[in-house]
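Protein chains in written order, with my numbering: chain A, 325 to 505; chain B, 349 to 487.
In this text, a Cβ means the ideal position worked out from N, Cα and C, and glycines have one as well.
Since the structure is predicted, the reported quantities are computational estimates derived from the model, not experimental observations.
The block underneath contains the structure these notes are about, expressed in structure tokens.
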Amino acid sequence: MKSKVLLLAFLAVVQLANAQKYIAKTGHIWFYSHTPMEEIEAHNRQVVSILDSSTGDIVFNLLNKSFEFKVALMQEHFNENYMESTKFPKSTFKGKITNLDKIDLKKDGTYIAEVTGDITIHGVTKNISTVGTIEIANGVITAKAKFKVIPKDYGIQIPQLVENKIAKEMEVTVDISYAVN
Amino acid sequence: MKKIIWFILTFVLLGIIIGIFMWLYAFRKADISVASKKADIEIKAADFLKNFTDNEETANKTYLDKVVLVSGIIDKITEDSTSVSIYLKNPQDMAGVMCGFNKAAIDKSSLRVGDTVRIKGICTGFLMDVVLNKCVIEK
Chain A
325 MKSKVLLLAF LAVVQLANAQ KYIAKTGHIW FYSHTPMEEI EAHNRQVVSI LDSSTGDIVF
385 NLLNKSFEFK VALMQEHFNE NYMESTKFPK STFKGKITNL DKIDLKKDGT YIAEVTGDIT
445 IHGVTKNIST VGTIEIANGV ITAKAKFKVI PKDYGIQIPQ LVENKIAKEM EVTVDISYAV
505 N
Chain B
349 MKKIIWFILT FVLLGIIIGI FMWLYAFRKA DISVASKKAD IEIKAADFLK NFTDNEETAN
409 KTYLDKVVLV SGIIDKITED STSVSIYLKN PQDMAGVMCG FNKAAIDKSS LRVGDTVRIK
469 GICTGFLMDV VLNKCVIEK
């Protein structure tokens, strides 16, 4: 009887250990826009992300106003004219790592991660799938990914006047290191 | 004839001067650091957080884009290649205020976890914590 209770307790502990949540609060996401006329990049180093190692659920949340540009005027235009950051303060991604069975979070290495889910920008939600990497070094998990976002898909109108200064596609890069919680 | 040339010359010169001023204005704006700005609002970290957890929408209206001087206890200091983050949180609270610094804007050698500090930054909103960026330590 006693051993049964112990076994159950042991199983419960194993379950808990498996259902670990990894949290990042100072993740880095940046985007890059390239045209022959102008190169623009903006960095957000305050991205919150939660990775659930038992389900593969992965969430990114960021504040649009936390994007920093080299030129303050660009930041102003980004928030006021394009993202309407007062109306839509956050951009989010909610999805899943679909090949979690091939990733051993307890073992150092670099793994390919297939991710699919819903991205919400400017109040518009779209389903996206992309391939990134999960790097584990000394127990620290780092998630990286690169994908394209087309502003027009999210109802963001770029005026004709600046059309050749702002790329049709933004290259978005994700680089996030997690702490165990 | 000479008059016309002078007229054009003055006009062009004036144009150039205005152009330079506009250019300076646009780029100087990037340079105006929070350090030289007066805080719009002074608040304790715990009260700041409470305002957001009580009603995020109202808090957004009050604090977004404002220069906020927040005082609180350092819970954690983290850094990457270009930035430093100081997390202000009361030991009994679940969340706090995340303050982002440009690495050049902070000397963290004298800062320790548990210290009470005053940090000035621009409020960008609320995720799991209230977020400030472009921060400076207020002496």
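Here's the rule I'm using: 16 or more other beta-carbon atoms within 10 Å means buried, otherwise exposed. How should residue 362 (chain B) be labelled?
Stepping through the second sequence from its first residue, residue 362 (chain B) is reached at position 14. With fewer than 16 Cβ atoms within 10 Å of its Cβ, residue 362 (chain B) is classed as exposed.
Sub-9 Å separation of residue 404 (chain B) and residue 449 (chain B) beta-carbons
Stepping through the second sequence from its first residue, residue 404 (chain B) is reached at position 56. Stepping through the second sequence from its first residue, residue 449 (chain B) is reached at position 101. In this structure, residue 449 (chain B) does not lie closer than 9 Å to residue 404 (chain B) by Cβ.
Quick one: any contact between the segment 355-374 of chain A and the segment 427-442 of chain A, if contact means 3 or more CB pairs under 8 Å?
no
Span of the alpha helix (DSSP H), counted from its first residue to its last, around residue 435 (chain B):
If you number the second sequence from 1, residue 435 (chain B) lands on position 87. Run containing residue 435 (chain B): none in the alpha helix (DSSP H); it sits in the beta strand (DSSP E), 431-436.
How about residue 468 (chain B) and residue 385 (chain B): are their beta carbons less than 9 Å apart?
As a first step, residue 468 (chain B) is located in the second sequence; it is residue number 120 there, counting from the start. As a first step, residue 385 (chain B) is located in the second sequence; it is residue number 37 there, counting from the start. Yes, the pair counts as a contact, with Cβ atoms nearer than the cut-off.
Under the three-state reduction of DSSP, which class applies to residue 391 (chain A): helix, strand or coil?
Stepping through the first sequence from its first residue, residue 391 (chain A) is reached at position 67. Residue state, collapsed to three classes: coil.
Who are residue 367 (chain A)'s beta bridge partners in DSSP?
In the first sequence, the residue the question calls residue 367 (chain A) occupies position 43. A:354 and A:392.
Are residue 440 (chain A) and residue 457 (chain A) touching if we call contact CB-CB under 9 Å?
Start at 1 with the first residue of the first sequence, and residue 440 (chain A) comes out as number 116. Start at 1 with the first residue of the first sequence, and residue 457 (chain A) comes out as number 133. No, the pair does not count as a contact, with Cβ atoms beyond the cut-off.
In chain B, what lies closer than 9 Å to residue 459 (chain A) by C-beta?
Reading the first sequence from its first residue, position 135 is the one you call residue 459 (chain A). What residue 459 (chain A) touches in chain B: nothing, since even the nearest Cβ is about 15 Å away.
Taking 9 Å as the CB-CB cut-off, is residue 449 (chain A) touching chain B?
For the purposes of this step, residue 449 (chain A) is taken as residue 125 along the first sequence, with counting starting at 1. No, residue 449 (chain A) lies away from the interface with chain B (no Cβ there is under 9 Å from its Cβ).
Check residue 383 (chain B) in the structure and name its three-state DSSP category.
Here residue 383 (chain B) corresponds to residue number 35 of the second sequence, with the count starting at 1. Note: residue 383 (chain B) maps to helix in three-state DSSP.
Backbone secondary structure at residue 378 (chain B) - three-state DSSP
Within the second sequence, residue 378 (chain B) is the residue found at index 30, counting from 1. With a pLDDT of 48 at residue 378 (chain B), under the threshold of 50, the predicted position of this residue should be treated as unreliable, and no value is reported.
Quick one: is residue 431 (chain B) near chain A, going by C-beta distance under 9 Å?
Counted from its first residue, the second sequence places residue 431 (chain B) at position 83. Judged by the 9 Å Cβ criterion, residue 431 (chain B) is in contact with chain A.
Using a threshold of 9 Å, state whether the C-beta atoms of residue 479 (chain B) and residue 442 (chain B) are closer than that.
By one-based count along the second sequence, residue 479 (chain B) stands at place 131. By one-based count along the second sequence, residue 442 (chain B) stands at place 94. The answer is no: Cβ separation not under 9 Å.
Evaluate residue 385 (chain A) with the Cβ neighbour count: other Cβ atoms within 10 Å of its Cβ, from every protein chain shown; 16 or more gives buried, anything less gives exposed.
On the first sequence, residue 385 (chain A) is found 61 positions in, with the first residue counted as 1. The residue in question, residue 385 (chain A), is buried, as its Cβ has 16 or more Cβ neighbours within 10 Å.
Using a Cβ cut-off of 9 Å (strictly closer), state whether residue 382 (chain A) contacts chain B.
Translated into the one-based positions of the first sequence, residue 382 (chain A) becomes position 58. Output row for residue 382 (chain A): interface = no.
Quick check: is the beta carbon of residue 372 (chain A) nearer than 9 Å to any beta carbon in chain B?
Here the question's residue 372 (chain A) lines up with position 48 in the first sequence. Yes, its Cβ sits closer than 9 Å to a Cβ of chain B.
Shortest alpha-carbon distance to residue 435 (chain B) belongs to which of B:364, B:483 and B:381?
Here residue 435 (chain B) refers to the residue found at position 87 of the second sequence. Nearest of B:364, B:483 and B:381 to residue 435 (chain B), Cα basis: B:483.
From A:369, A:348 and A:360, pick the residue whose C-alpha is nearest to that of residue 354 (chain A); which is it?
Position 30 of the first sequence holds residue 354 (chain A). Among A:369, A:348 and A:360, the Cα nearest to that of residue 354 (chain A) is on A:369.
Less than 9 Å separating the beta-carbons of residue 364 (chain A) and residue 412 (chain A)?
Your numbering for residue 364 (chain A) matches position 40 in the first sequence. Your numbering for residue 412 (chain A) matches position 88 in the first sequence. No. Outside cutoff.
Can you give the Cα-Cα distance for residue 464 (chain A) and residue 501 (chain A), rounded to whole angstroms?
Within the first sequence, residue 464 (chain A) is the residue found at index 140, counting from 1. Within the first sequence, residue 501 (chain A) is the residue found at index 177, counting from 1. Those two C-alpha atoms are separated by around 7 Å.
Of all the residues that make up the segment 392-411 of chain A, which are near chain B by a beta-carbon distance shorter than 9 Å?
392, 393, 394, 395, 396, 397, 398, 399, 400, 403, 409 and 410
Compute the minimum distance between the beta carbon of residue 445 (chain B) and the heavy atoms of the ligand MG, and state whether it is under 8 Å.
Of ligands this structure carries none, so the ligand MG is not represented either.
When you compare the CB of residue 378 (chain B) with every CB in chain A, is at least one pair closer than 9 Å?
The residue given as residue 378 (chain B) occupies position 30 in the second sequence. Here the model assigns residue 378 (chain B) a pLDDT of 48, short of 50, so the residue's position is not dependable and the matter cannot be decided.
For residue 371 (chain B) and residue 348 (chain A), what's the separation of their Cα atoms in angstroms?
Counting from 1 along the second sequence, the entry for residue 371 (chain B) is found at position 23. Counting from 1 along the first sequence, the entry for residue 348 (chain A) is found at position 24. Roughly 38 Å between the two C-alpha positions.
Kindly say whether residue 400 (chain B), judged by its beta-carbon, lies nearer than 9 Å to any beta-carbon of chain A.
What you label residue 400 (chain B) is simply residue 52 of the second sequence in a count that begins at 1. It does not: the Cβ of residue 400 (chain B) has no partner Cβ on chain A nearer than 9 Å.
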